[in-house]
Amino acid sequence: AYLNTVSYTNTTSDKVKLTLTGGSTITRVYTMANNRGSAKIYIDGVNVDTTNDNTAETRWQVAKTWTLSGNSSTSHTIEVKNNGGGYIDADAFIKDIGTVGDGVYDNTNSQLKYIGNWAASSSGWISIFIVVSRGDEMWRKNTLPIVLGLLILFGFLAASNIRLQASYIPNNQESKDVMTVLNRFYEITGAPIETFEPNQLAEVLLDTSDFNLTDGWRTYLSTILDEEVVNRAGFLTAMQTKWTHLQQGDALARAAMAKAEAEKREVTQDEWDELTEQNHGMLPPGLYRGEPGYTTELKFESVNIEDEQAIVLYDDGAALYKAILRLVNKQWFIVDVTPIDVHF
10 AYLNTVSYTN
20 TTSDKVKLTL
30 TGGSTITRVY
40 TMANNRGSAK
50 IYIDGVNVDT
60 TNDNTAETRW
70 QVAKTWTLSG
80 NSSTSHTIEV
90 KNNGGGYIDA
100 DAFIKDIGTV
110 GDGVYDNTNS
120 QLKYIGNWAA
130 SSSGWISIFI
140 VVSRGDEMWR
150 KNTLPIVLGL
160 LILFGFLAAS
170 NIRLQASYIP
180 NNQESKDVMT
190 VLNRFYEITG
200 APIETFEPNQ
210 LAEVLLDTSD
220 FNLTDGWRTY
230 LSTILDEEVV
240 NRAGFLTAMQ
250 TKWTHLQQGD
260 ALARAAMAKA
270 EAEKREVTQD
280 EWDELTEQNH
290 GMLPPGLYRG
300 EPGYTTELKF
310 ESVNIEDEQA
320 IVLYDDGAAL
330 YKAILRLVNK
340 QWFIVDVTPI
350 DVHF
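Numbering (the working numbering), first residue to last: 10 to 353.
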């Protein structure tokens, strides 16, 4: 499931089960992203955990492990259920995942077990968003001993998807200014949802006719804004509306889940229906929580500047995007961003 997901659902109460015999641990492998929701984890019918699968950036192949009781003949069932708020994944379950000590496990290390025909790459890279957790503890891959060998062992790690396209980024101040604006956009939207200020988007976004008001955007905006506002909406208006809605949905979803947890029950379908009605007829896309000081690392592929317009291709780990920027009063503003290759 490297840079991809195997199976997913955004329907509340959808579930996936696995029954196994024996084992001391069971591990769920899944994806975290900004369109993911919450999952309830049951082992042998007992709710052992509730995971928040939502993050500002995309993290492929997250693995979380729980302990199993009993002996080698004991039968266990793990169930993962969509608890609302977005998509959840079921990429793989691993029985008795191996562990290694602190250290770096590179491609030549004997700890790695390769299955099939592998070739060494001189230009490959690993996902910076691999996260491993056990219980309530969670670390980023880049602050944890590398565990890629564990994923290779079970056949989950594929070769890097190297794009066969030469990068073209002029080495001048204009290009640097353009890339700075895009990085600032991700810095703003990566803030914790409780402190996020939609008005900050005006620092880097602008309403112009460059914005591609697709049928999808028009339908979405029309549920929240007046038709007159929608007709003249640009990228700034669209994104401010989206993030204000996200903030509202997050608050609604968290309040409902906190109430249900305090009463030692799950959020009911009637409660989700009520939240949907309060949230402009849409299931709250909540459970979003950025991380203070964290910014998604963008991989810029090309920057083309002509007159007062810049066309940029960049990848944020979730998709390859085409961004259009305009120079207004000596300042660059993003006026449209369109995904052209989604890694889903």
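For each residue, glycine too, the CB sits at the ideal point set by N, CA and C.
Assumed close pair residue i, residue j - CB separation to whole angstroms, cut-off 8 Å
i: Gln-287; j: Leu-261; result: 6 Å
i: Met-266; j: Ser-47; result: 7 Å
i: Leu-230; j: Thr-204; result: The Cβ separation is near 25 Å, so there is no contact.
i: Thr-86; j: Lys-26; result: 6 Å
i: Met-41; j: Asp-58; result: With a Cβ gap of about 15 Å, Met-41 and Asp-58 do not count as contacting.
i: Thr-34; j: Trp-75; result: 7 Å
i: Asp-219; j: Trp-341; result: 13 Å between Cβ atoms; not a contact.
Beta-carbon proximity list for residue i, same chain, < 6 Å, skipping 5 on both sides
i: Thr-21; result: Asn-91, Gly-93, Trp-281
i: Tyr-17; result: Tyr-96, Asp-98
i: Tyr-2; result: Nothing about residue 2 can be read from this structure; the chain reaches only from 10 to 353.
i: Gly-32; result: Leu-77, Lys-104, Asp-105
i: Ile-349; result: Leu-329, Lys-331
i: His-289; result: Thr-232, Ile-233
i: Arg-45; result: Asp-62, Asn-63, Gly-95, Tyr-96
Terminal residues of the alpha helix (DSSP H) in which residue i lies
i: Lys-251; result: 244 to 271
i: Ile-202; result: Counting along the chain, Ile-202 falls outside any alpha helix (DSSP H), and DSSP gives it neither H nor E.
i: Tyr-229; result: 224 to 231
Neighbourhood of residue i by C-beta, 8 Å cutoff - its chain only, sequence neighbours within 5 removed
i: Ile-343; result: Val-190, Leu-191, Phe-194, Val-213, Leu-214, Leu-215, Phe-244, Ala-332, Ile-333, Leu-334
i: Thr-253; result: Pro-207
i: Leu-307; result: Met-188, Leu-191, Asn-192, Tyr-195, Tyr-323, Asp-324, Asp-325
Residue span of the beta strand (DSSP E) that contains residue i, given as start and end
i: Lys-24; result: 24 to 30
i: Ser-84; result: 84 to 91
i: Ile-35; result: 34 to 41
i: Glu-310; result: 308 to 315
i: Ser-184; result: Not the beta strand (DSSP E): Ser-184 falls in the alpha helix (DSSP H), residues 182 to 198.
i: Val-337; result: 328 to 337
i: Gln-378; result: Outside the modelled stretch of the chain, which goes from 10 to 353, sits residue 378, for which no answer is possible.
Whole-angstrom distance between residue j and residue i, CA atom to CA atom
i: Asp-8; j: Ala-65; result: Nothing about residue 8 can be reported from this structure: the residues present for the chain run from 10 to 353 only.
i: Leu-210; j: Arg-274; result: 38 Å
i: Glu-272; j: Gly-54; result: 19 Å
i: Asp-259; j: Ser-81; result: 43 Å
i: Ile-2; j: Lys-339; result: Residue coverage of the chain in this structure runs from 10 to 353, which leaves residue 2 outside it and unanswerable.
i: Glu-184; j: Glu-283; result: According to the sequence displayed, residue 184 carries Ser and not Glu. Each residue's alpha carbon lies about 48 Å from the other.
i: Ala-351; j: Asn-43; result: Rather than Ala, the amino acid found at residue 351 in this sequence is Val. Between Val-351 and Asn-43, the C-alpha separation is close to 13 Å.
i: Lys-49; j: Val-71; result: 16 Å
i: Asp-345; j: Asn-180; result: 24 Å
i: Glu-310; j: Glu-317; result: 20 Å
Minimum Cβ-Cβ distance from residue i to chain C less than 8 Å
i: Arg-263; result: The chain labelled as chain C is not found in the depicted structure, where only one protein chain is given.
Same chain only: Cβ atoms within 7 Å of residue i, ignoring 5 sequence neighbours per side
i: Trp-226; result: Ala-247
i: Thr-347; result: Asn-221, Tyr-330, Lys-331
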